[in-house]
């Protein structure tokens, strides 16, 4: 598996079933993580199969080298029936996420002795109760009815950081689960310097307006929780002169990723326009030259589409730092990928791995506000080239010690064994 660390072959291979709503990469980190960690588990000798709620006939995503079964739903007649017919083929079932499959899995496995584990993937974070109080009331009712019992009877409820585990407590009542913190991670880019330079060059060839420019990179799904309004406004204030005393300043902010809500994208662009930020929209497929409007050299805000693997790595390697002002981030696969590239990360304290970042001095941390975003940019601009280089070296060490995919896969396998 390209980019993986050394993986130990399992002495006693496990047969693992993973249940997730979808493996579409556009839907965010859990899908990407399941793809990556499943590949690592298979390389260790374990058998992995994935079922999703995608429509029948859905093709597996590129890179899914394991049995993939779309069931067209997670109800009693779909997932429930399939589990009852196939459960004896597995040693354990992993449910990725809440509110969809956990209850069905609990019912289908009742009395058979097959353990199931649940990853909440941040869905127990109290932030959502504050932002969406009516939805929270509905979920609390469902918790009393079904979900709470499904988690209570799970062999383990797995959190990807100590921060996530602590924040989950008290969001729903009653709360009584078997908590486990499991290492989480992702791949690193190819180690070859020549390959890395080729990916960087390919990215700049596709988007030549970024050649020779220092830019900060947001890479991920465009969503309300990502703090993009605050990041854009903080960047505008920074450019107005708040960071005028800095020795070096980023000349552009690049926002790249899929957006399932066209209204949100339009709102973000209007927000930037009101703030006086010239912007360049290169989200259309194949767009590599500036559209009508400001030249690519002068537009400080540049919009890019979702980037595939090589272009993603190229973008990270071409950037000077990664930035994420999220209001809630369970883990942040893109944060770990930036660290793997030796890029410092400028993140909010709502990214659940912020403590690991701060302790390793692999980036900067601030609140998820406009003032916090401005603080991140101002402090970054004030760093000397030597300090930035040292932070980049710390980023790689932080990744290797905390978020490398082989470590994550071994941690998950051990957690499953402990539940048998």
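Numbering (the numbering used here), first residue to last: 77 to 496. All C-beta atoms, glycine included, are put in the ideal place defined by N, C-alpha and C. In this text, all values refer to a predicted model and were calculated from it rather than measured experimentally.
- With 16 or more other Cβ atoms inside 10 Å of its own Cβ, residue 172 counts as buried.
- Residue 138 counts as exposed, since fewer than 16 other beta carbons sit within 10 angstroms of its beta carbon.
- Residue burial is scored here from C-beta neighbours: residue 494 has fewer than 16 other C-beta atoms within 10 angstroms and is therefore classed as exposed.
- For residue 478, same chain residues with a beta-carbon under 6 Å away, outside a window of 5 residues either side, are 432 in chain order.
- Note on residue 388: 16 or more other CB atoms within 10 angstroms of its CB, so buried under the neighbour-count rule.
- A distance of 7 Å or more separates the beta carbons of residue 179 and residue 145.
- For residue 188, the three-state secondary structure derived from DSSP is coil.
- In the structure shown, the three-state DSSP call for residue 135 is coil.
- In the assembly as shown, residue 302 is a buried residue. Its beta-carbon has 16 or more other beta-carbons within 10 Å.
- Contact between the stretch 253 to 268 and the stretch 406 to 424 is present, with at least three C-beta pairs closer than 8 Å.
- Burial is judged here by how many other beta carbons sit within 10 angstroms of a residue's own beta carbon; residue 188 has fewer than 16 and is exposed.
- The Cβ-Cβ distance between residue 481 and residue 168 does not fall below 7 Å.
- Nearest to residue 89 by alpha-carbon distance, out of 129, 119, 157, is 119.
- The stretch 426 to 440 makes contact with the stretch 459 to 476, as at least three CB pairs between them are under 8 Å.
- Every unbroken stretch of the beta strand (DSSP E) spanning 3 or more residues and falling wholly within the stretch 328 to 360 is given here in chain order: 328 to 332, 355 to 357.
- Nearest Cα to residue 94 within the set 464, 125, 121: 125.
- Each residue's CA atom was taken as its position, placing residue 381 and residue 334 some 6 Å apart.
- Taking 4 residues as the minimum length, the alpha helix (DSSP H) runs contained wholly in the stretch 451 to 484 are 461 to 478, in order along the chain.
- The DSSP assignment places complete alpha helix (DSSP H) segments of no fewer than 4 residues inside the stretch 369 to 406 at 385 to 394, in order along the chain.
- Secondary structure of residue 105 (DSSP, three-state): helix.
- Cβ-Cβ distances below 7 Å link residue 427 to 400, 402, 405, 408, 411 in the same chain, with the five nearest sequence neighbours on each side left out; the list follows chain order.
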